[in-house]
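Written out below as structure tokens is the structure these notes cover.
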Amino acid sequence: MSSSAPKLTDSETKFNPPHNKDSEAKSKTYWSIVGKRIITNKSAVSGAFILLFFVSISLLAPWIAPHPVDVMNFEQRFLPPGGQYFLGTDDFGRDIFSRILYGGRVSLMMGLVAVLIAGVIGVILGVIAGYYRKLDIYIMQVMDILLAFPSLLLAIAIIAVLGVGLTNAMIAVAISAIPSYVRVVRGSVLSIREKEYIEAVKALGVSDFKIIVKHVFPNVLSPVIVLSSLQFGTSILVAAALSFLGLGAQPPTPEWGSMAYVGKAFLGQAWWMSLFPGLAIMLVVLGFNLLGDGLRDALDPRQK
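Per this note's numbering, the very first residue in the sequence shown carries number 121; after that it's consecutive.
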């Protein structure tokens with residue numbers, strides 16, 4: 121007595137990725153664990169508090185700045201910190217505290233735009249280099265050339281080509297940060313593409329685009345988040361250095377790096393002109409570094 125096996129329908133033969141309730145519950149559990157790790161990590165909490173403080177005062181600058189940011193008062197030049205001028209005045213009689221509040225907007229925006237540009241381009245190139253081995257050598261040769269130069273020197277070289285200005289400074293900082301993203305993402309993709317489930321979906325005829333979007337990209341997200349938090353501080357520091365050299369934000373735009381640059385000519389009689397913008401840069405970079413260290417520990421799969 122023979123019986124023929126039932127034929128499977130097209131919907132039954134298609135690959136059904138494990139997006140069931142169990143996998144969703146595990147994903148929620150994982151991110152809840154990560155959230156608890158971040159909250160209990162003193163480094164991450166300290167960094168987040170510092171950044172929240174500077175972001176808040178920068179956004180609220182129009183309401184909390186005690187004096188107009190660009191109004192000059194030559195009778196109030198070089199006043200030391202205290203009284204109605206909390207952090208003193210500069211060589212034009214402008215309030216340093218108000219300019220630091222507004223300068224935070226420019227400095228943080230420069231870091232944010234640079235990280236967004238570098239992250240998007242770097243992740244795309246890193247995925248292509250790691251997934252398509254024929255293109256890997258060409259992409260990484262270009263990245264190795266860029267990595268041969270220090271970030272600041274590479275940014276200065278790019279500014280020399282594009283020209284001086286705030287927008288060009290952001291582009292230069294972004295380009296100098298792209299190789300870091302490419303190397304991190306490429307290394308993760310090289311490991312992921314050899315997994316058995318990737319081979320399985322390839323055998324089922326799933327397109328490369330769907331594999332990258334659904335299976336590769338989610339697995340490189342964690343290292344990209346950690347790198348972005350650390351790269352944010354580095355980008356702000358490089359952008360401030362460009363402004364300090366006169367290659368970034370131009371006067372009278374309030375920006376921490378350019379404020380420190382102007383103040384260096386008056387260190388003998390008005391040390392506060394450079395000190396307080398420099399402290400703002402230091403604290404923001406410290407905040408991003410602390411947050412990045414905390415995120416790295418929280419997202420580390422080896423942590424129990």
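Heads up, the beta-carbon is just placed ideally off N, CA and C, and yes, glycines get one too. From a predicted model like this one, the values you see are computed outputs, not experimental measurements.
- Excluding residues up to 5 positions away in sequence, I279, L282 lie with their Cβ nearer than 7 Å to the Cβ of N288 in the same chain.
- V240 counts as exposed, since fewer than 16 other C-beta atoms from the protein chains shown sit within 10 angstroms of its C-beta.
- With respect to the C-alpha of R214, the residue from I295, M230, M192, A185 having the closest C-alpha is M192.
- Going by beta carbons, A359 and V293 fall inside the 7 Å limit.
- In this structure, the CA atom of S349 is about 34 Å from the CA atom of V326.
- For I170, the closest C-alpha among the options L415, L419, A418, M402 is that of M402.
- Only buried fits I295, as 16 or more other CB atoms lie within 10 angstroms of its CB.
- By the 16-neighbour rule on beta-carbons within 10 angstroms, A268 is exposed.
- Going by beta carbons, D190 and P372 fall inside the 7 Å limit.
- Separation of V321 and Y301 (C-alpha to C-alpha, rounded to the nearest whole angstrom) is 26 Å.
- By the criterion of a C-beta distance shorter than 8 Å, L362 is surrounded in its chain by L272, A275, I276, I279, A289, A292, V293, G368, G377, once the five residues flanking it on both sides are discounted.
- Straight across, the Cα-Cα distance linking R197 with P397 is about 18 Å.
- D413 is a Cβ neighbour of S163, given a cutoff of 7 Å.
- V305 sits away from V346, with the two beta carbons spaced by 7 Å or more.
- In terms of CA proximity to G223, V404 leads the group K384, H335, V404, I312.
- Put simply, of W183, R225, L411 the residue whose alpha carbon is nearest the alpha carbon of V165 is L411.
- Excluding residues up to 5 positions away in sequence, D215, F217, S218, L221, Y222 lie with their Cβ nearer than 8 Å to the Cβ of A185 in the same chain.
- Taking 8 Å as the upper bound for CB-CB distance, R303 and M263 are in contact here, some 7 Å apart.
- Bridge pairing for T209: D215 [DSSP].
- In this chain, the alpha helix (DSSP H) harbouring V293 covers 286 to 312.
- Residue ranges of uninterrupted alpha helix (DSSP H) with 4 or more members, entirely inside the segment 142 to 197 and ordered along the chain, are 162 to 179, 181 to 184.
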